[in-house]
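Inspection log for the structure reproduced underneath, given as structure tokens.
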Amino acid sequence: MPLLPLASTTAEPTGFTAWVISVMEALGGPGAGLIIAIENVFPPIPSELILPLAGFTASQGNMSVVGAILWTTLGSLLGALVLYWIGAALGRRRTRAIAAKIPLIKIEDIDKTEAWFAKHGVKAVFFGRMIPLFRSFISLPAGIERMKLTTFVLFTTLGSLVWNTIFVLAGYFLGENWHLVEQYAGILSKAVVAICALAIVVFIVKRIMRVRQEKQQAGELPTDQFARVDGDDRTDPPTQEIDRLR
4 MPLLPLASTT AEPTGFTAWV ISVMEALGGP GAGLIIAIEN VFPPIPSELI
54 LPLAGFTASQ GNMSVVGAIL WTTLGSLLGA LVLYWIGAAL GRRRTRAIAA
104 KIPLIKIEDI DKTEAWFAKH GVKAVFFGRM IPLFRSFISL PAGIERMKLT
154 TFVLFTTLGS LVWNTIFVLA GYFLGENWHL VEQYAGILSK AVVAICALAI
204 VVFIVKRIMR VRQEKQQAGE LPTDQFARVD GDDRTDPPTQ EIDRLR
């Protein structure tokens with residue numbers, strides 16, 4: 004049964020949505036996997052739109068729901084591997100060199116991040132696959148830190164499987180109302196973006212205050228030293244004291 008006419012009973016698909024529908028109609032599961040792979044490499048493309056559409060496609064018989072889940076999970080893994088290899092090619096040395104040139108960023112920030120990832124990297128990869136925006140970016144530090152490839156593949160696949168299953172099944176059971184999933188998921192995405200923006204603002208403000216404080220302390224230190232040298236309570240140098248005793 005054609006997908007496009009059924010989808011138009013609620014709202015005529017246009018633009019990117021229409022393109023996704025046409026690809027899934029033409030290629031089925033592999034098409035869904037291909038689009039999700041692209042979404043992982045280019046995060047602005049919303050998985051919250053693609054996955055429910057894959058579920059809706061499955062509900063119309065264009066592919067099985069299990070196939071939709073497996074193909075989209077495979078696509079997630081392939082897209083994540085592309086970013087992992089980009090991070091690995093970039094490497095720690097280049098990353099630190101780039102970070103050192105960014106205003107307000109210090110090498111100690113990179114050291115702390117590396118220490119945190121060394122301790123929590125597995126959990127970060129697994130749960131990061133279920134957080135909008137971080138779904139893609141978490142693969143970069145994994146590559147930079149050269150996380151063991153088998154470990155990265157395992158936990159990327161598991162995290163993607165959980166996320167994809169939820170959204171594909173939601174689109175499958177909602178049918179023509181699949182767009183409701185995107186609407187509610189959009190709230191989550193906006194919340195994540197807002198939290199990230201707030202965290203960046205807080206970091207910048209704290210870092211500026213810290214830099215100013217360090218400059219003030221550096222400026223006060225010589226002044227205090229000169230005050231001790233030029234003060235009224237200055238004692239005679241040891242050489243003058245010896246001369247008087249002679």
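To convert, count from 1 in the sequence shown and add 3; that's this note's numbering.
For glycine and all other residues, C-beta sits at the position ideal for the given N, C-alpha and C.
- In the three-state reduction of the DSSP assignment, K115 falls in the helix class.
- Pairwise C-beta distances place the region 143–158 in contact with the region 118–132, as three or more of them are shorter than 8 Å.
- Secondary structure at Q63: coil, using DSSP grouped into helix, strand and coil.
- Taking a C-beta distance under 8 Å as the contact criterion, A57 and A21 do not qualify as a contact pair.
- The three-state secondary structure of M212, taken from DSSP, is helix.
- Taking each of T160, T116 and T168 in turn and checking the Cα distance to A83, the smallest one comes out for T160.
- For E117, the CB contacts under 8 Å within the same chain, skipping 5 residues up- and downstream, are R95 and E148 in chain order.
- Relative to the Cα of L81, the nearest Cα in the group M27, I48, F155 and V26 belongs to F155.
- Distance from the CA atom of G32 to the CA atom of I211, rounded to whole angstroms, is 50 Å.
- The beta carbon of I108 sits closer than 6 Å to the beta carbons of A102 from its chain, once the five residues preceding and following it are set aside; these are given in chain order.
- With fewer than 16 neighbouring CB atoms inside 10 Å of its own CB, S67 falls in the exposed class.
- By the CB criterion at 8 Å, L54 and T75 fall inside the cutoff.
- If you draw a straight line from the Cα of A92 to the Cα of I72, it is about 30 Å long.
- Your pair G90 and R132 does not check out as a contact, with CB atoms roughly 15 Å apart and the cut at 8 Å.
- Secondary structure of L136 (DSSP, three-state): coil.
- Comparing alpha-carbon positions, the option among E217, A121, I113 and F170 lying closest to F59 turns out to be F170.
- Assigned with DSSP and collapsed to three states, K218 falls in helix.
- Sequence-distant Cβ neighbours of D114 in its own chain, meaning closer than 7 Å and more than five residues away, do not exist here.
- About 20 Å separates the Cβ atoms of S25 and Y175, ruling out a contact at the 8 Å cut-off.
- With 16 or more neighbouring CB atoms inside 10 Å of its own CB, F158 falls in the buried class.
- Here E111 is not near N65, since their CB atoms are 8 Å or more apart.
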